[in-house]
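Enquirer:
Protein chains in written order, with the numbering used here: chain C, 1 to 114; chain P, 1001 to 1113.
1) Can you have a look at residue 1013/P and say buried or exposed, based on whether 16 or more other CB atoms are within 10 angstroms of its CB?
2) If we cut at 9 Å on Cβ distances, does residue 63/C have a partner in chain P?
3) Mind the definition here: the region 98-110 of chain C touches the region 51-61 of chain C only if three or more C-beta pairs lie below 8 Å; say whether that holds.
4) Which residues does DSSP list as the beta-bridge partners of residue 32/C?
5) Is residue 22/C helix, strand or coil by DSSP?
6) For residue 1025/P, does the count of other Cβ atoms within 10 angstroms reach 16, so buried, or fall short, so exposed?
7) Are the C-beta of residue 1068/P and some C-beta of chain C separated by less than 9 Å?
8) Can you give me the C-alpha to C-alpha distance between residue 44/C and residue 37/C, rounded to a whole angstrom?
9) Does DSSP put residue 109/C in a helix, a strand or coil?
10) Taking a cut of 7 Å between CB atoms, which residues from the region 1031-1049 of chain P lie near chain C?
11) Give me the DSSP bridge partner(s) of residue 51/C.
12) Please report the distance separating the alpha-carbon of residue 1090/P from that of residue 79/C.
Have a look at this one:
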């Protein structure tokens, strides 16, 4: 079955430290990949997306992600975390087809220590 | 530019009551969907629609009904609320095609007592 795995449920990093959130997808074909962020009590906001081409994509708020086909991964990174980055992060995948639905990972909650 | 609008933002229901969660989008998107979000479970698809007059079930459809009479609106009906339906509900819309993102509403926090 098609699925998305975010192995880390909760990550805590110090402000100013680097961040990497992991995402793996299950299907063999190259999917369309997304990272969303959800601040407490808010809806989901798109951080970045990958469809094709350059495997390193830049997003908003200083985030980037790298698509690695050999590892079926699309990890999210940020060189220096800010306290305002504390939120929940969701990786999502669209495998194509007529349904048009994204499949979401279970999310990674990020806490930032001062 | 409203995007996806959900109402209400908060709702408390008694077990057995029915209600409708409203969702409207002004982007002329073909795809609309409803998700529920529960702690540790991520977002799970309830129902979705690929266009006006066409709906289908997602991963967790039991206890919910949908209809899509117009492109803009996609209401979610709870037929007889149960405590297990306590959750945060998100509506999303998306343009047809793979290289498009989903836009989300702000969510409806529903508590069933």
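Don't be surprised by glycine CBs; every beta carbon is placed ideally from N, CA and C. Small disclaimer: the values here were computed from a predicted structure and weren't measured.
Expert: The short version:
1) buried
2) no
3) The region 51-61 of chain C and the region 98-110 of chain C do not touch, with fewer than three beta-carbon pairs separated by less than 8 Å.
4) According to DSSP, residue 32/C bridges with 94/C.
5) coil
6) It is buried - the Cβ of residue 1025/P has at least 16 other Cβ atoms within 10 Å.
7) no
8) 6 Å
9) strand
10) 1031, 1033, 1040, 1041, 1042, 1043, 1045, 1048
11) None, per the DSSP bridge assignment.
12) 31 Å
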